[in-house]
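Asker:
Next comes the structure, spelled out in structure tokens:
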């Protein structure tokens with residue numbers, strides 16, 4: 001099975017990624033400042049090259065940059081932030097946003113939702129709240145639209161990979177994806193459904209949260225739980241705090257309901 005990273009639309013580093021047209025920016029000055037490299041007084045070092053930037057612009061954007069560039073440590077004295085281990089495909093859109101590019105234009109129109117979730121996680125990690133809020137708003141809107149089944153699965157895997165399950169907005173994104181793709185998910189081959197119990201366990205938890213009247217919800221739930229074999233498994237409902245457990249052919253609910261024979 002392809003990993004979430006492999007499923008994601010490739011947005012690899014290319015210096016031309018900054019050249020996506022000034023019309024996408026809130027104002028021309030930020031675009032010109034970034035593109036011209038005039039008055040630059042610091043840089044961010046990536047694995048492939050260094051990007052010349054402006055300390056004041058970065059420091060005003062988020063606490064991470066402010067701390068790094070005024071701490072008195074190496075980054076501040078050398079005016080260089082070493083991001084050689086960071087993903088360049090995330091750094092580029094982040095910097096575009098810092099300099100005034102509107103969020104919907106940060107990445108190509110056909111970029112997979114997976115990279116938007118990774119960008120959200122990156123913004124969260126460096127405490128860049130405006131970018132985090134913008135990414136969440138974009139994801140919440142896009143997740144209500146038609147999304148290919150494999151992309152839904154990749155989204156769920158990425159949310160787990162970056163430990164975002166307990167993030168309210170991102171969990172809502174996951175629920176939206178599953179809810180709007182439930183019929184397509186139901187059409188997957190039975191062995192694929194079973195394997196998702198291992199490959200995307202978040203899917204089972206979301207199934208428990210979906211209203212019972214949604215078609216195909218129950219049938220698909222049991223296919224997922226079959227992926228766990230005969231081991232006792234606890235799946236927490238994020239919204240209600242209930243737990244269902246499956247042992248062998250019987251499924252019990254914390255509220256005392258036995259749904260082991262449901263199909």
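Residue numbers (full-length UniProt numbering): 1 to 263. By construction, the Cβ of each residue, glycine as well, lies at the ideal position given by its N, Cα and C atoms.
1. Quick check: what's the CA-CA separation for residue 200 versus residue 78?
2. Looking only at DSSP bridge pairs, what is residue 43 linked to?
3. Smallest Cα separation from residue 53: which of 99, 147, 180?
4. Within the continuous alpha helix (DSSP H) that includes residue 85, where are the two ends?
5. Looking only at its chain, what residues have a beta carbon closer than 6 Å to the beta carbon of residue 143, apart from the 5 residues adjacent to it on each side?
6. Taking the alpha carbon of residue 122 as the point to measure from, which residue in 109, 136, 206, 148 has its own alpha carbon closest?
7. So, with DSSP's three-state summary, where would you put residue 232?
8. For the region 127-188, which segments carrying the alpha helix (DSSP H) assignment without a break, of at least 4 residues, lie completely within its bounds, in sequence order?
9. Using the Cα positions of residue 38 and residue 49, report the straight-line distance between them to the nearest angstrom.
10. Between residue 84 and residue 64, what straight-line distance do the alpha-carbon atoms span, to the nearest angstrom?
11. Which residues in the same chain as residue 75 place their Cβ atom closer than 6 Å to its Cβ, once the five residues preceding and following it in sequence are excluded?
12. On the criterion of 16 or more Cβ atoms from any shown chain inside 10 Å, does residue 283 qualify as buried, or is it exposed?
13. Compute the Euclidean distance between the alpha carbons of residue 133 and residue 120, then round it to the nearest angstrom.
14. Nearest-angstrom Cα distance between residue 238 and residue 141?
15. Looking at residue 115 and residue 107, is the spacing between their C-beta atoms short of 8 Å?
16. Would residue 56 be called buried (16 or more neighbouring beta carbons within 10 Å of its own) or exposed?
17. Does the separation of the CB atoms of residue 210 and residue 168 fall below 8 Å?
Answerer: Reading from the atomic positions:
1. 44 Å
2. 52, 80
3. 99
4. Element bounds for residue 85: n/a, residue is neither H nor E.
5. 173, 176, 177
6. 136
7. The predicted position of residue 232 is uncertain, since its pLDDT is 34 and thus under 50; a value taken from the coordinates is nonetheless stated next. It is coil, neither helix nor strand.
8. 129-142, 149-161, 168-186
9. 18 Å
10. 16 Å
11. 68, 81
12. A question about residue 283 goes unanswered here, because the residues of the chain that appear run from 1 up to 263.
13. 8 Å
14. Any reading at residue 238 needs caution, since the residue's pLDDT is 32, under 50, leaving its predicted position unreliable; the model's value is listed next. C-alpha separation (whole angstroms): 21 Å.
15. yes
16. exposed
17. no
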